[in-house]
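Have a look at the structure below, then the notes.
Chains as they are written, first to last, in my numbering: chain P, 37 to 190; chain W, 3 to 101; chain D, 2 to 506.
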């Protein structure tokens with residue numbers, strides 16, 4: 037243990053040096069902050085607007101829904117503790133409570149809040165539409181060729 | 003236990019919350035201050051419940067927690083909506099109508 | 002605290018009939034939510050129709066409850082407590098429940114037109130409207146401060162979202178944010194007050210308060226008074242009473258118009274009912290303490306609302322200050338704290354709900370798309386372009402000003418009658434002064450519509466006649482009819498309101 041004493045002393049000295057020098061400069065240095073000085077350094081050019089960020093709203097929605105359901109759960113705890121005393125009445129009241137939450141959950145599912153990834157599989161309707169477009173294009177090309185041949189023949 | 007201590011704590015928290023609402027410009031910080039105030043009330047409820055040897059104080063606290071979560075959820079949603087239109091949520095700068 | 006000692010929790014038989022109107026309201030909202038989850042209709046008017054149907058159903062239950070209370074079926078003294086004293090079935094609650102249903106119904110009709118016009122329609126709008134109404138209904142029947150707080154939050158949270166509903170107008174979102182921040186702030190005060198009342202008495206039940214104060218002599222009533230003041234502050238915020246009115250003008254100006262109309266009527270009803278229940282039932286022992294407080298609030302609310310409305314140039318903002326002034330008049334009914342006063346306040350609430358719905362129906366028709374045309378200038382010479390609409394609006398404004406022959410006059414007369422009974426002469430003088438002041442700005446708008454010529458730029462004559470959808474026409478007809486009917490033959494409603502004052506044994 038004693039072998040490491042030097043390292044400990046060294047570490048303490050190093051930390052206290054950092055602390056003292058930062059502390060002294062914070063105390064003694066003149067502070068004249070301007071908005072430009074406080075800005076993040078970007079190649080020395082003063083930035084005149086906020087950078088445009090992508091704002092993934094999905095995180096927020098899921099977090100909010102998590103909080104809502106998470107908090108609703110606290111009402112289950114008192115019931116769980118006194119479940120036997122509350123008997124069937126308590127059970128049905130709690131079932132009603134959960135059903136109401138489930139309706140909200142069904143709505144959330146329907147609104148697609150929990151669909152994280154973009155849809156990979158094409159549904160039938162989109163697929164058929166794609167086919168139709170392709171078919172129309174091919175037909176148009178064919179009739180164009182036809183017309184060309186006819187004019188040639190003429 | 004003496005009820006004075008939790009009451010003092012909650013009064014301090016409530017005061018900090020009021021100060022935060024009055025002094026802060028950022029809507030999110032104001033919401034956080036509201037949360038502080040509501041939790042100060044919760045401390046009061048639990049403390050009084052203990053003092054009266056009564057359960058309803060704690061029950062009330064549970065309801066307040068749920069209500070506070072709902073309120074903040076809605077609040078953040080509206081703040082988000084405004085953030086996307088204004089790119090800032092300083093209540094001083096959201097003043098297309100007289101404040 | 003020994004939690005485990007409570008071995009047999011009293012599970013009182015659940016008395017669902019006491020909360021049937023509220024359950025109908027909530028149930029309709031849930032059905033709509035489920036419908037969206039399963040399949041969406043193309044036409045949003047379907048949702049409006051279902052919501053309106055549910056509201057009628059709720060009103061039917063409320064009327065049935067009123068009849069049961071009247072016939073004395075519900076227990077001693079026409080009052081029955083349900084759900085361990087959480088709610089109370091009495092005439093007061095049933096009366097206001099029906100009134101809230103009326104506000105929702107007219108609100109739905111206005112919303113249907115507005116949302117189709119503004120292209121902002123979605124079924125969720127009606128769900129929020131119904132949940133908010135359920136919150137209001139729960140508030141008017143709550144007999145426990147826990148219940149009152151939760152219902153207040155339910156109604157407020159839904160109104161916050163509805164205020165910010167219009168996605169394309171940043172004013173609407175701004176209104177929502179302001180309403181939310183200040184509303185949450187005031188809720189916290191209310192809650193802190195409730196905590197102190199609970200600490201002082203050991204219960205949150207309003208009847209429990211009454212009993213506690215009757216049985217115990219308090220060593221010091223500091224905690225009760227602190228709690229009382231905080232609760233009054235929190236509830237006065239909801240009814241937009243001065244000095245807690247700062248949110249109202251901005252929210253009224255920014256929020257979608259049907260929401261404003263619904264909020265002006267419904268939130269006032271709920272806030273008023275909450276105040277009356279807390280003060281008259283819970284804190285009746287402290288009447289000498291809360292009466293001066295309410296006196297002062299009512300007086301400055303009437304005056305400030307009337308005076309500040311005069312300097313407004315936007316009609317929606319003017320309506321906001323007018324609603325503040327009306328809140329003051331309604332509060333005077335509580336200051337009187339006698340049967341005539343509260344009867345007058347109840348009548349006033351009905352009359353105001355009808356007037357404000359009609360007025361906003363006209364304003365939103367005149368505003369056309371985008372809620373642009375709401376400044377006073379836009380009303381210049383309206384009678385030339387739209388004689389009928391201008392006439393209806395003028396009539397409703399006369400009613401709000403309290404011209405004899407309209408419901409507004411009877412309402413003001415009724416609350417002042419209560420004040421006279423309580424010998425509050427100074428407040429009567431203040432109220433009369435405020436009515437005269439408020440008549441000024443209502444008449445100014447009428448003058449703008451009828452006396453002034455068209456603006457010189459002549460942008461208006463080129464506009465086509467405003468289309469009046471059938472639904473709006475129904476709202477206008479109903480509101481004008483009842484405003485006139487209650488003005489000429491008010492006895493029926495006054496009698497019913499008199500039986501709903503909480504005093505009736």
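Every residue gets a Cβ at the ideal spot worked out from N, C-alpha and C, and that includes glycine.
query, result
"Presumed contact (8 angstroms Cβ cut-off) between residue 130/D and residue 163/D, rounded CB distance", "7 angstroms"
"Residues that residue 87/W contacts on chain D, provided the C-beta gap is smaller than 8 angstroms", "171, 174"
"Neighbouring residues, chain W, relative to residue 110/P (Cβ below 9 angstroms)", "64, 67, 68"
"Where residue 376/D sits in the DSSP three-state scheme", "strand"
"Neighbour-count burial assignment, residue 51/W, 16 or more Cβ in a 10 Å radius", "buried"
"contact_flag[the region 109-126 of chain D, the region 236-254 of chain D] where n(CB pairs < 8 angstroms) is 3 or more", "no"
"Proximity test, Cβ basis, 8 angstroms: residue 154/D and chain W", "yes"
"Three-state class that DSSP yields for residue 222/D in the structure shown", "coil"
"Residue 81/D (DSSP reduced to helix, strand or coil)", "strand"
"CB contact check: residue 107/P to chain W, cutoff 8 angstroms", "yes"
"Residue interval of the alpha helix (DSSP H) (run including residue 49/W)", "29-54"
"Beta-carbon spacing of residue 56/D, residue 100/D below 8 angstroms", "no"
"Partner residues on chain D for residue 136/P, Cβ-Cβ distance less than 9 angstroms", "27, 31"
"Short CB-CB distance (under 8 angstroms) between residue 11/W and chain D", "no"
"Residue-chain proximity (residue 29/W, chain D), Cβ-Cβ < 8 angstroms", "yes"
"Same chain only: Cβ atoms within 6 angstroms of residue 412/D, ignoring 5 sequence neighbours per side", "348, 349, 352"
"Short CB-CB distance (under 8 angstroms) between residue 347/D and chain P", "no"
"Paired residues, beta bridge with residue 88/D - DSSP", "83/D, 143/D"
"Short Cβ contact (8 angstroms threshold) for residue 68/P with residue 38/D", "no"
"Own chain, CB closer than 7 angstroms to residue 177/P, minus 5 neighbours either side, in chain order", "none"
"Whole-Å CB distance - residue 194/D paired with residue 224/D, under 8 angstroms assumed", "Contact flag wrong, Cβ pair sits at about 10 angstroms."
"8 angstroms Cβ cutoff met for residue 480/D and residue 355/D", "yes"
"Nearest residue (CA-CA) to residue 102/D, options 424/D, 415/D, 270/D", "270/D"
"Inter-residue Cα distance where the pair is residue 67/W and residue 107/P", "7 angstroms"
"Cross-chain neighbours of residue 18/W in chain D, by beta carbon under 8 angstroms", "Those do not exist, as residue 18/W stays about 12 angstroms from chain D at its closest Cβ, beyond 8 angstroms."
"Inter-residue Cα distance where the pair is residue 120/P and residue 147/D", "25 angstroms"
"Spatial neighbours of residue 10/D in its chain, beta-carbon cut-off 6 angstroms, leaving aside the 5 residues before and after", "Per-residue confidence for residue 10/D stands at a pLDDT of 49, beneath the threshold of 50, marking its modelled position as unreliable; no derived number is given."
"For residue 426/D, the first and last residue of its enclosing alpha helix (DSSP H)", "426-451"
"Proximal residues to residue 5/W (C-beta, below 6 angstroms), its chain only, five neighbours per side dropped", "49, 53"
"DSSP-derived helix/strand/coil call for residue 44/D", "coil"
"Within-8 angstroms CB hit, residue 143/P to chain D", "yes"
"Buried or exposed by the 16-neighbour rule on C-beta atoms within 10 Å, applied to residue 161/D", "buried"
"As assigned by DSSP and simplified to three states, the class of residue 120/D", "coil"
"Segment limits, alpha helix (DSSP H) that includes residue 361/D", "340-368"
"Contact set between residue 104/P and chain W, taken where Cβ atoms lie within less than 8 angstroms", "71, 72, 75"
"Buried/exposed call for residue 218/D, threshold 16 Cβ in 10 Å", "exposed"
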